[in-house]
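**Q** Residue 764 in my numbering sits at position 232 of the sequence shown, and the numbers go up by one each step.
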Amino acid sequence: MYLSKEEEKMLESENETVAKSMEIIVALAKIFGAEKLIKVSSVHISGVSYQNIGDEGLEWLESLNSKVVVKTTVNPAGMDTVRWKEMGIDKDFYEKQMRILRAIEKIGAELILTCTPYYLNRPKFGDHLAWAESSAVVYANSLIGARTNRESGISAIASAITGRTPYYGLHITENRAPTIVVKIKGDISAAGYMLGFQLEREIPYCVFDRSVSEAELKLFGAALAATGNVTMFHAEGITPEWKLFEKPKERIEIYGKVSRDCEPDLIALGCPHLSKNELETILKLVKGRKVKKEVWLFTSRKVFDESREVVEKLEKLGIKVFCDTCMVVSPATEKFECVMVNSGKALTYLPKLRGVDVAFGNLKECIEKAIE
Ligand code: F3S
Numbered sequence: 533m534y535l536s537k538e539e540e541k542m543l544e545s546e547n548e549t550v551a552k553s554m555e556i557i558v559a560l561a562k563i564f565g566a567e568k569l570i571k572v573s574s575v576h577i578s579g580v581s582y583q584n585i586g587d588e589g590l591e592w593l594e595s596l597n598s599k600v601v602v603k604t605t606v607n608p609a610g611m612d613t614v615r616w617k618e619m620g621i622d623k624d625f626y627e628k629q630m631r632i633l634r635a636i637e638k639i640g641a642e643l644i645l646t647c648t649p650y651y652l653n654r655p656k657f658g659d660h661l662a663w664a665e666s667s668a669v670v671y672a673n674s675l676i677g678a679r680t681n682r683e684s685g686i687s688a689i690a691s692a693i694t695g696r697t698p699y700y701g702l703h704i705t706e707n708r709a710p711t712i713v714v715k716i717k718g719d720i721s722a723a724g725y726m727l728g729f730q731l732e733r734e735i736p737y738c739v740f741d742r743s744v745s746e747a748e749l750k751l752f753g754a755a756l757a758a759t760g761n762v763t764m765f766h767a768e769g770i771t772p773e774w775k776l777f778e779k780p781k782e783r784i785e786i787y788g789k790v791s792r793d794c795e796p797d798l799i800a801l802g803c804p805h806l807s808k809n810e811l812e813t814i815l816k817l818v819k820g821r822k823v824k825k826e827v828w829l830f831t832s833r834k835v836f837d838e839s840r841e842v843v844e845k846l847e848k849l850g851i852k853v854f855c856d857t858c859m860v861v862s863p864a865t866e867k868f869e870c871v872m873v874n875s876g877k878a879l880t881y882l883p884k885l886r887g888v889d890v891a892f893g894n895l896k897e898c899i900e901k902a903i904e
């Protein structure tokens, strides 16, 4: 495997964090048969909730002793860093979570605490990235045409410290070709959830039977990544690389519908985090009526700040808008029995990670449930 002089120097660095990071990148390159490393233009780190990484993860992060060399952003944490008490988070959890965040900040990463980094810092078509949030990976590859494999929290940090990632997988043009054509009808998010079970690691070429919004494609990709480890899809007439490759011969059809019901005591929206547009759509759907159930929305602090007026109106109607965290990575949702979502990713992980029952509906159905 070829290493440049600079890369060899990092491997032999006296700084243990730099040397270890380069060792991780080189080991991954060998596992995946990469012949060289490439520079990345940004890194997105996941796995920063104290709920998920515990004391061991915290101590490892605190032991890091170097700075990131590329723009590095960070996924949601286990709580809203301002309104954590309102979420029912205890002091001990708060303090441990803040130590994690301080350790990550110390290496130079930006604490944007969102799984939608592309709303804050949109990569360009063709950019090479090392991103570690599955929903952001599928979004960047599919909707933007940037190039990233699905990194782990650790390999993303190693890329942030070295500025490199192994050149394999979706960094290489021919590996981005679709492998199967899928005709899609029905609910888009549900279709992503169902399709993932059938398409382990494939790249679907999707043909939708109607026009679909960016928000729907975001939900679709997140669900596909959750159930099928899918890292990229093409959407005919929509995504930037749909015309680039030959259409695969294999074809299937799917009708998106998920029947999962229970009587929700929480309606949680924003998996992936909501955009300004989606917050406005929710406000419109509520039509000024007071909500009768607990409704939590999740977004980034940046979008929250940019949507102050909408957020204030939503809060007046009894809806809580939280930042920095989400229904899956925060322990706050564990106190509920049944959580209603419109996200196939949340549907996958809420029962597994938070031990709650889940009801599924589209955005309109979720809002209707909140005000009925
Ligand atoms: Fe984002 Fe949490 Fe869903 S990190 S994609 S809102 S599980």
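The C-beta atom is built at its ideal place from N, Cα and C for all residues, glycine as well.
Within this structure, are the beta carbons of G763 and R682 separated by less than 7 Å?
**A** Note on identity: in this sequence residue 763 is Thr, with Gly being the wrong assignment. Taking 7 Å as the Cβ cut-off, T763 and R682 qualify as a contacting pair.
**Q** Quick check: is any heavy atom of the ligand F3S less than 6 Å from the C-beta of S862?
**A** For the ligand F3S, not one heavy atom lies less than 6 Å from the Cβ of S862.
**Q** So does S667 have its beta carbon nearer than 6 Å to some heavy atom of the ligand F3S?
**A** Checking the Cβ of S667 against the ligand F3S gives yes.
**Q** Is there at least one non-hydrogen atom of the ligand F3S closer than 6 Å to the beta-carbon of P804?
**A** For the ligand F3S, at least one heavy atom lies less than 6 Å from the Cβ of P804.
**Q** Helix or strand or just coil, what does DSSP make of K825?
**A** Coil, per DSSP.
**Q** Alpha carbons only, please: which of N673, F740, I693 is nearest the one belonging to P708?
**A** According to the sequence displayed, residue 708 carries Arg and not Pro. If we check each option's Cα against that of R708, N673 comes out closest.
**Q** Check P698 in the structure and name its three-state DSSP category.
**A** Three-state DSSP puts P698 in a strand.
**Q** Using a threshold of 6 Å, is the CB atom of A722 nearer than that to any non-hydrogen atom of the ligand F3S?
**A** Not under cutoff, so the answer is no.
**Q** What would DSSP say about S739, mapped onto helix, strand or coil?
**A** This sequence places Val at residue 739; Ser is not what is there. Three-state result, V739: strand.
**Q** For S743, count neighbouring C-beta atoms within 10 Å of its own C-beta (all shown protein chains included) and say buried if the count is 16 or more, exposed if not.
**A** Exposed.
**Q** Is C855 helix, strand or coil when you go by DSSP?
**A** Reduced to three states, the DSSP call for C855 is strand.
**Q** Output yes or no for whether 7 Å exceeds the beta carbon distance between G701 and E773.
**A** No; because the gap between Cβ atoms is not below 7 Å, this pair is not in contact.
**Q** Tell me which residue opens and which closes the beta strand (DSSP E) that F892 is part of.
**A** Unbroken beta strand (DSSP E) run through F892: 889 to 892.
**Q** What three-state label does DSSP hand R886 in the structure shown?
**A** The answer is helix: DSSP assigns R886 an H, G or I state.
**Q** Which residues in the same chain as E665 place their Cβ atom closer than 7 Å to its Cβ, once the five residues preceding and following it in sequence are excluded?
**A** Closer than 7 Å at Cβ, skipping near neighbours: H576, S578, N607, C647.
**Q** Hey, quick one: how far does the alpha helix (DSSP H) through L798 stretch, first residue to last?
**A** Unbroken run through L798 is the beta strand (DSSP E), 798 to 806; no alpha helix (DSSP H).
**Q** Pick helix, strand or coil for Y534, following the three-state DSSP scheme.
**A** Coil at Y534, not helix or strand.
**Q** Give the secondary structure of F777 by DSSP, where H, G and I count as helix, E and B as strand, and everything else as coil.
**A** Of the three classes helix, strand and coil, the one that applies to F777 here is coil, per DSSP.
**Q** Count the C-beta pairs between the stretch 790 to 808 and the stretch 870 to 890 that are closer than 8 Å, then say yes if the count reaches three, no if not.
**A** A contact exists between the stretch 790 to 808 and the stretch 870 to 890.
**Q** Between A754 and the ligand F3S, is there a pair consisting of the residue's CB and a ligand heavy atom that are separated by less than 6 Å?
**A** Yes; taking the cut-off as 6 Å, the Cβ of A754 has a heavy atom of the ligand F3S nearer than that.
**Q** Run through DSSP, which three-state label would S745 get?
**A** Three-state DSSP puts S745 in coil, outside helix and strand.
**Q** Can the beta-carbon of V572 be found closer than 7 Å to that of A690?
**A** Result no, Cβ atoms of V572 and A690 do not sit closer than 7 Å.
**Q** Could you say which of K848, M859, L535, R840 lies nearest to L829 if we only look at CA atoms?
**A** Selected option, being the one with the closest Cα: M859.
**Q** In the DSSP assignment, the beta strand (DSSP E) including C898 goes from what residue to what residue?
**A** From DSSP, C898 is part of no beta strand (DSSP E) but of the alpha helix (DSSP H) over 895 to 903.
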